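Asker:
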Amino acid sequence: MYSEQQKSLIPDSALSVTGLTDYIQSLLEEDSVLRQVWVTGEVSSANNHRAGLFFTLKDTDTTASIKCVTWRSVIPKLAQMPAVGEQLILLGSIRLYPARGEYQLTVWQAIPAGVGLQALRFQQLKNRLTAEGLFDEERKQQLPSHPQTIAVVTSPTAAAWGDIRKTLKSRYPGLQVLFSPATVQGEQAPASIVKAIQRVDNDGRAEVLILGRGGGAVEELACFNDERVVRAIADCSIPIITGIGHQRDESLADLAADVRVHTPTAAAEIVVPSLDDLYYQHQARIAALSEVVNYSVEAAQNKLQTLRNRLGRYQLDKQVQREIQDLAWKREKLVQAMSSKSQRAKQKLELLREKLITLNPRAVLQRGYAVVRQENGKIARDAADLEVGEELLIQLSQGAAKVKVVEKKEQ
0 MYSEQQKSLI
10 PDSALSVTGL
20 TDYIQSLLEE
30 DSVLRQVWVT
40 GEVSSANNHR
50 AGLFFTLKDT
60 DTTASIKCVT
70 WRSVIPKLAQ
80 MPAVGEQLIL
90 LGSIRLYPAR
100 GEYQLTVWQA
110 IPAGVGLQAL
120 RFQQLKNRLT
130 AEGLFDEERK
140 QQLPSHPQTI
150 AVVTSPTAAA
160 WGDIRKTLKS
170 RYPGLQVLFS
180 PATVQGEQAP
190 ASIVKAIQRV
200 DNDGRAEVLI
210 LGRGGGAVEE
220 LACFNDERVV
230 RAIADCSIPI
240 ITGIGHQRDE
250 SLADLAADVR
260 VHTPTAAAEI
270 VVPSLDDLYY
280 QHQARIAALS
290 EVVNYSVEAA
300 QNKLQTLRNR
310 LGRYQLDKQV
320 QREIQDLAWK
330 REKLVQAMSS
340 KSQRAKQKLE
350 LLREKLITLN
360 PRAVLQRGYA
370 VVRQENGKIA
380 RDAADLEVGE
390 ELLIQLSQGA
400 AKVKVVEKKE
410 Q
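Dropping the structure here:
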């Protein structure tokens, strides 16, 4: 038991082992860096347990080490199974084991170091560019069917340049080829390739661009996995086809290109059609068109003959003849009717003319009669209406005369 003097020396803020462990655990497991951390080292020991694989990772040049565990459900997902003596790169999170007060690395993934580190960096860049959409199919442009001007980006000393020229000349003579030289190997290659692509894009004449290289070791093709090159390809305003010359591995430049093939020769073959192929296609189209035309003519002739036969069965010529005769008879009847009606109209007109002549006052005057008008212009019809001394106008058949009434004789 503690004496009163000893108890007075214990501060009120003293932690229990559990409290200290919990505090350390919160510091470790809530740290943003330690939640997902990459660690590289050499496996010094390994113990395969039914719960998982327990092993120790240490630095090769120091005595520092860390305990690691990969649970049984994660083991099938590992790219590399940890084994004693192997150099690995581990991805995991720091966890504290309270019962022993020890921390350990819970491993999610293990890949080989060295080349594995390059693969890791490659995968990380690929994932980031994929997330940006640089490899999406929707971004890719269609190659022109019959380009008249193409550009080639490659090394002027590479065999790829000669293979491309030879292939293009044999397939499509007369094609204009613009050469934009670039270094395609070494540290200067990425910047050189980017400038060559931009040079073509700024020039504006080319309709499509071939980016080629004549193969090589994987490490020699690293420039085609450079982010600058990938972005230059993705940003180019004209379609780009890559023929880098390696079949086993696919570069990021291939993924960003609008079309990718394995060799520069294949790129030249796909970028332009062969004149021989075009000629055969043309001949095939002519044959197909002739067949269609002949079929159409034959079908039209058959249809015409069918119509002729149908018209023959209907005897339309006889029907037309009967209609003509019927129309001629109706015309004759109409002419007769109109002639008779016209004759009657003439006779009636003559009677009306004679009657009109009879009623004409001038005709009456010509027979010796006269018209007597009073001073007020009225026609005198009764002697009683006249006054002695009144002047009258006597209208004769020829001329008129003024007279004065000197005497009235009434009947």
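When you line the sequence shown up against numbering that gives the first Met the number 0, it's residues 0 to 410, in that order. For glycine and all other residues, C-beta sits at the position ideal for the given N, C-alpha and C. Fair warning: this is a prediction, and the values are worked out from it, not measured in the lab.
(1) If you draw a straight line from the C-alpha of Ala399 to the C-alpha of Leu385, how long is it?
(2) Taking the alpha carbon of Gln103 as the reference point, which residue from Glu186, Thr55 and Tyr313 has its own alpha carbon closest?
(3) Checking the sheet assignment: what are the DSSP bridge partners for Trp70?
(4) Does DSSP classify Asn201 as helix, strand or coil?
(5) Under a Cβ-count criterion, where at least 16 other Cβ atoms within 10 Å of its own Cβ denotes burial, should Thr262 be classed as buried or exposed?
(6) How is the beta strand (DSSP E) around Gln24 delimited, first residue to last?
(7) Mapping DSSP to helix, strand and coil, what is Ile243?
(8) Please classify Lys323 as buried or exposed, where buried requires at least 16 other C-beta atoms within 10 Å of its C-beta.
(9) Does the beta-carbon distance from Ile209 to Ala231 come in below 8 angstroms?
(10) Measure from the alpha carbon of Ile192 to the alpha carbon of each residue in Leu52, Ser154, Leu90 and Ile93, then state which is nearest.
(11) Put Phe121 into one of helix, strand or coil per three-state DSSP.
(12) List the DSSP bridge partners of Leu95.
(13) Suppose the cutoff is 8 angstroms on Cβ atoms and the five residues either side in sequence are ignored; what does the same chain contact list for Arg138 look like?
(14) Looking only at its chain, what residues have a beta carbon closer than 7 angstroms to the beta carbon of Ile393, apart from the 5 residues adjacent to it on each side?
(15) Since Thr305 sits in a beta bridge, which residues does DSSP pair it with?
(16) Buried or exposed, going by whether 16 or more other CB atoms sit within 10 Å of the CB of Val292?
(17) Bridge partners for Ile209 per DSSP, in chain order?
(18) Using a threshold of 8 angstroms, state whether the C-beta atoms of Asp58 and Gly84 are closer than that.
(19) Rounded to whole angstroms, what's the CA-CA distance from Leu124 to Cys222? Just pull it up for me.
(20) State the CB to CB distance for the pair Ala78 and Ala109, rounded to an integer number of angstroms; the pair is presumed to be in contact (CB under 8 angstroms).
(21) From which residue to which residue does the alpha helix (DSSP H) around Cys263 run?
(22) Does DSSP put Ser273 in a helix, in a strand, or in coil?
Answerer: Reading from the atomic positions:
(1) 19 angstroms
(2) Thr55
(3) Gly51
(4) helix
(5) buried
(6) No beta strand (DSSP E) contains Gln24, which is instead part of the alpha helix (DSSP H) from Val16 to Glu28.
(7) coil
(8) Sequence inspection shows Ile at residue 323; the Lys mentioned does not correspond to that position. Its Cβ having fewer than 16 others within 10 Å, Ile323 is exposed.
(9) no
(10) Ser154
(11) helix
(12) Tyr102
(13) Gly132 and Ala233
(14) Ala369, Val371, Ala399, Ala400 and Val402
(15) None, per the DSSP bridge assignment.
(16) exposed
(17) Val151 and Ile240
(18) no
(19) 13 angstroms
(20) 6 angstroms
(21) Note that residue 263 is Pro in the sequence shown, not Cys. Pro263 to Val270 is the span of the alpha helix (DSSP H), which, as asked, contains Pro263.
(22) coil
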